[in-house]
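Note sheet for the following structure.
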Amino acid sequence: MSTCGCGQPPITIGDCPPPKPGCPPTPCTCSKRSEHCETTPLRDSAPYRVAATARSTDPTPYYTIANTHEALDPVVAQTILNSGTGTFPADDGTHNGQHTWLAGVVHVDPASLRGNPTNVTISASVRVHNDGPAAACRLYGRFALWNGSTPIRTDLLGPPDLPAGSDDNGAIQAATVPLADVLAGRVVVELNLETGNDDACRVGPKQWTVDSFVLTVQASAPGCGRPFLRTTCRDCDGAITCTTDTLDGSSRPYAPVPPVVPVSSCQDGCATARPPCISTDRGNAITRGSDGCLYAPDAPALDPSPCNAARHTTGGLLVPRIDVTGIAPGGNTSSHRSVDIDVTGTPGCPERWQVGARLTPVSAFLNAERQHANLLARAGTDVPIPESDIVLPEAGVYHIDSDVRYALGSATGGSGYITGWLRDETTDTLLTSFTQIAAINAERQEQQGGTTHIMTEYTVASGPRTVRLHLMFVLTGGKISNAEAGGTDSNGATRMRFLKVRD
2 MSTCGCGQPP ITIGDCPPPK PGCPPTPCTC SKRSEHCETT PLRDSAPYRV
52 AATARSTDPT PYYTIANTHE ALDPVVAQTI LNSGTGTFPA DDGTHNGQHT
102 WLAGVVHVDP ASLRGNPTNV TISASVRVHN DGPAAACRLY GRFALWNGST
152 PIRTDLLGPP DLPAGSDDNG AIQAATVPLA DVLAGRVVVE LNLETGNDDA
202 CRVGPKQWTV DSFVLTVQAS APGCGRPFLR TTCRDCDGAI TCTTDTLDGS
252 SRPYAPVPPV VPVSSCQDGC ATARPPCIST DRGNAITRGS DGCLYAPDAP
302 ALDPSPCNAA RHTTGGLLVP RIDVTGIAPG GNTSSHRSVD IDVTGTPGCP
352 ERWQVGARLT PVSAFLNAER QHANLLARAG TDVPIPESDI VLPEAGVYHI
402 DSDVRYALGS ATGGSGYITG WLRDETTDTL LTSFTQIAAI NAERQEQQGG
452 TTHIMTEYTV ASGPRTVRLH LMFVLTGGKI SNAEAGGTDS NGATRMRFLK
502 VRD
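For the sequence shown, the positions run 2 to 504 when the working numbering is used.
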């Protein structure tokens, strides 16, 4: 119904005057062509920038160039990926075709995603400077993008034979990858540079300074691009006379990327009215928050210290597991160590552990509880003392010593001596050289008694081993009335001791 009806106040549209109020209403007529213009806020589907970083990871899965390889120090690699300056050190000249590599896993901030994109577009750029002393050999490196084990872009670095002191700018051209693969940590940027010799070019080693790394990730979804203003003008008949699109209402035109939607149909962050479908699979780490946004678990930022054992890999965050092995608390023997380790932690994932250690070396002490062996009756022969046996239970290095008790005498005068030694009875191995226990050279009656020490260090490859004391009396002249040793008397005893000192 016309707004120019009876009893209605006059409404002016542009320069189109309404007729005077009357009843019944009469149609509006225009005295000249005039325009009515209105401006509507809209949003197009232009690609938008997604917040993204690259985090250093082990480059080994991306070694595809022949000859030898070297991984760049991960701290230096992360500095470069943070857009800082880092150095690829020159090889020492011993490797032909040596290349040094870095790799960085691409991570995006889910909070910066708009709408429901399924793919993202990734590109990157970097500057390299040949510090010399040698020129580069032909195309001297590669700037690549990987999705898992599949190369997406493998852009070789040039120009060929870049001289020492020269710069070059490398670029990974824009490539489209599934957003799910990026969120899963499968997409990796890789850079390698020739730092050593090359048989074909016969050039020497060279160092590179790398900086100005830029990672660009873009996404797009219908109606989630740039907001803009569309001004539409109509004549008095309602026909559109012109349409102008601008970013800010100025005279500078803007060409929106279709499709275009009204801003009123978008939610905060340009989340479409239809939320994206999220898999209910238990293995799906992506969740939808109460605000309707998608959230992926954040990969933790790692301290770049070389002492940090945790690192990013293509499969995710790797933290080396520490297994405490060895003898159980309270034990005192082990084939691996002579220290008893106690580890106490509360169930679950304790923040603190109590670790204790006690010296528990293998050791033993033995008294030869028997009478002395009669060495005089077996003069000149080896007399083993089985009562002195000690058993070394396991492999290791042992300190072994023996206190040998003896008695030696002459009623009329004579000369002779007692010797002793230690032997591994298991392998028939001599542990010590012959040690003089006692000696006598008397012109008349003489009696001796005492204790002599035999000591050695013995390495055992495997156990158990039996070690035994051996004795011998040697007559050198005259007459000896008694020669005995290796047992216990009223003044002392023959003793055997061992102590394991190291593995």
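Here a beta-carbon is modelled for each residue, glycine too, at the ideal position from N, C-alpha and C.
Which word fits T491, buried or exposed, when buried means at least 16 other C-beta atoms lie within 10 angstroms of its C-beta? Within the sequence shown, residue 491 is the residue found at index 490, counting from 1. Checking the sequence shown, residue 491 turns out to be Ser, not Thr. Exposed.
On the DSSP bridge list, what partners appear for G171? The residue you call residue 171 lines up with position 170 of the sequence shown. DSSP lists V127 as partners of G171.
If you draw a straight line from the C-alpha of I391 to the C-alpha of L470, how long is it? Your numbering for residue 391 matches position 390 in the sequence shown. Your numbering for residue 470 matches position 469 in the sequence shown. Rounded to whole angstroms, I391 to L470 spans 9 Å at the Cα level.
Below 8 Å on the Cβ atoms is my guess for R503 versus V398; work out the distance and round it to an integer in Å. Here the question's residue 503 lines up with position 502 in the sequence shown. Here the question's residue 398 lines up with position 397 in the sequence shown. About 5 Å; that satisfies the 8 Å criterion.
Please state whether DSSP places V188 in a helix, a strand or coil. In the sequence shown, counting from the first residue as 1, residue 188 sits at position 187. Looking at V188 - three-state DSSP - the assignment turns out to be strand.
Do R44 and G224 count as a contact pair if the criterion is CB distance below 8 Å? Numbered from 1 along the sequence shown, position 223 holds the residue referred to as residue 224. Numbered from 1 along the sequence shown, position 43 holds the residue referred to as residue 44. A contact, by the Cβ cut-off of 8 Å.
CA-to-CA distance, A484 to G381, given in whole angstroms: In the sequence shown, the residue the question calls residue 381 occupies position 380. In the sequence shown, the residue the question calls residue 484 occupies position 483. When rounded, the distance between both Cα atoms is 12 Å.
So, are the CB atoms of L423 and I455 less than 8 Å apart? Here residue 423 refers to the residue found at position 422 of the sequence shown. Here residue 455 refers to the residue found at position 454 of the sequence shown. Closer than 8 Å, so yes.
Assuming G464 and A365 are in contact, meaning their beta carbons sit under 8 Å apart, how far apart are those beta carbons, in whole angstroms? Locating residue 464 in the sequence shown gives position 463, counting from the first residue. Locating residue 365 in the sequence shown gives position 364, counting from the first residue. The Cβ separation is near 12 Å, so there is no contact.
Do you know whose CA, among P161, L103, Q219, lies nearest V109's CA? Looking up residue 109 in the sequence shown gives position 108. Of P161, L103, Q219, the residue nearest in Cα terms is Q219.
Same chain, Cβ closer than 7 Å to S482, neighbours up to 5 away in sequence not counted: Working through the sequence shown from its first residue, we reach residue 482 at position 481. So the qualifying residues of the chain are G410, S411, A412.
Spatial neighbours of V258 in its chain, beta-carbon cut-off 7 Å, leaving aside the 5 residues before and after: Along the sequence shown, one-based indexing puts residue 258 at 257. If we look at V258 and ignore the five residues flanking it on each side, its Cβ neighbours are D45, S46, A47, G226.
Given a cut-off of 8 Å, decide if H373 and G478 are closer than it, judged by their beta-carbon atoms. Against the sequence shown, residue 478 aligns to sequence position 477. Against the sequence shown, residue 373 aligns to sequence position 372. No, these two residues do not count as a Cβ contact at 8 Å.
Sort E39, D59, P228 by Cα distance to Y255 and report the nearest one. Locating residue 255 in the sequence shown gives position 254, where the first residue counts as 1. Of the listed residues, the one whose Cα sits closest to Y255 is P228.
Rank F474, V461, T453, A104 by C-alpha distance to the C-alpha of R496 and give the top, closest one. For this step, residue 496 is matched to residue 495 along the sequence shown. Measuring from the Cα of R496, the nearest candidate turns out to be T453.
Quick check: the Cα distance between G142 and L194, rounded to an integer number of angstroms? By 1-based counting over the sequence shown, the position of residue 142 is 141. By 1-based counting over the sequence shown, the position of residue 194 is 193. Looking at the two C-alpha atoms, the distance is approximately 4 Å.
Distance, Cα to Cα, G133 vs S252? The residue you call residue 133 lines up with position 132 of the sequence shown. The residue you call residue 252 lines up with position 251 of the sequence shown. Taking the straight line joining both Cα atoms gives about 53 Å.
Which of the three DSSP states, helix, strand or coil, is assigned to A378? By 1-based counting over the sequence shown, the position of residue 378 is 377. Residue state, collapsed to three classes: helix.
Close beta carbons around T457, own chain, < 7 Å, minus the five adjacent residues each side: Numbered from its first residue, the sequence shown carries residue 457 at position 456. Around T457: I401, L423, L432, T433.
For V127, I'd like the list of residues in its chain whose CB is within less than 7 Å of its CB, leaving aside the five on either flank, ordered along the chain. On the sequence shown, position 126 is the one that residue 127 refers to. So the list reads F144, G171, L192, V211, S213, F214, once near-sequence residues are dropped.
With 16 as the cutoff for other CB atoms within 10 Å, does Q446 come out buried or exposed? Reading the sequence shown from its first residue, position 445 is the one you call residue 446. By the neighbour-count rule (16 or more Cβ atoms within 10 Å), Q446 is not buried but exposed.
What residues in its chain sit with their C-beta under 7 Å from that of P60, if we drop five residues either side in the sequence? Translated into the one-based positions of the sequence shown, residue 60 becomes position 59. A72, W102, L103, A104, E191.
Pull the bridge partners of K501 from the DSSP assignment, please. Residue mapping note: residue 501 aligns to position 500 of the sequence shown, counting from 1. Answer by DSSP bridge pairing, in chain order: Y399.
Just to confirm the assignment, what range does the alpha helix (DSSP H) spanning V320 have? In the sequence shown, residue 320 corresponds to position 319, counting from 1. Taken as a continuous stretch (DSSP letters only), V320 belongs to no alpha helix (DSSP H), as it is neither H nor E.
Element boundaries [alpha helix (DSSP H), containing P75]: Residue numbering aside, residue 75 sits at position 74 when the sequence shown is read from its first letter. P75 -> alpha helix (DSSP H) spans 75-82.
From the DSSP output, read off the bridge partner residues of H373. Residue numbering aside, residue 373 sits at position 372 when the sequence shown is read from its first letter. BP columns for H373 are empty, so no partner.
Which residues bound the beta strand (DSSP E) around C243? The residue you call residue 243 lines up with position 242 of the sequence shown. Where C243 is concerned, the enclosing beta strand (DSSP E) stretches over 241-247.
Euclidean distance between Cα positions of G116 and H313: Start at 1 with the first residue of the sequence shown, and residue 116 comes out as number 115. Start at 1 with the first residue of the sequence shown, and residue 313 comes out as number 312. For G116 and H313, the distance between alpha carbons rounds to 29 Å.
Excluding the five sequence neighbours on either side, which residues of its own chain have a C-beta within less than 7 Å of the C-beta of P179, listed in chain order? If you number the sequence shown from 1, residue 179 lands on position 178. Correct list, in chain order: T119, N120.
For the beta strand (DSSP E) holding I391, just list the boundary residues, first then last. As a first step, residue 391 is located in the sequence shown; it is residue number 390 there, counting from the start. Start and end: 384-393.
For R466, decide whether its Cβ has a neighbour in chain E, counting only Cβ atoms nearer than 8 Å. The chain inventory of the structure shown lacks chain E, comprising one protein chain alone.
For the putative contact between T244 and R231, defined by C-beta atoms under 8 Å, what is the C-beta separation to the nearest angstrom? Stepping through the sequence shown from its first residue, residue 244 is reached at position 243. Stepping through the sequence shown from its first residue, residue 231 is reached at position 230. Their Cβ separation, rounded to whole angstroms, is 6 Å, which keeps T244 and R231 in contact under 8 Å.
Using DSSP with H/G/I as helix, E/B as strand and the rest coil, what is D110? As a working note, residue 110 is residue 109 in the sequence shown. If DSSP states are grouped into helix, strand and coil, D110 belongs with coil.
Rounded distance between the beta-carbons of T196 and D74, thought under 8 Å: Within the sequence shown, the letter at position 73 stands for residue 74. Within the sequence shown, the letter at position 195 stands for residue 196. Not really, about 13 Å apart at Cβ, beyond 8 Å.
Can you tell me whether Y63 is helix, strand or coil according to DSSP? Residue numbering aside, residue 63 sits at position 62 when the sequence shown is read from its first letter. The answer is helix: DSSP assigns Y63 an H, G or I state.
Hey, T122 and A175: beta-carbon distance below 8 Å or not? Within the sequence shown, numbered from 1, the residue matching residue 122 stands at position 121. Within the sequence shown, numbered from 1, the residue matching residue 175 stands at position 174. Yes, Cβ-Cβ distance for T122 and A175 is below 8 Å.
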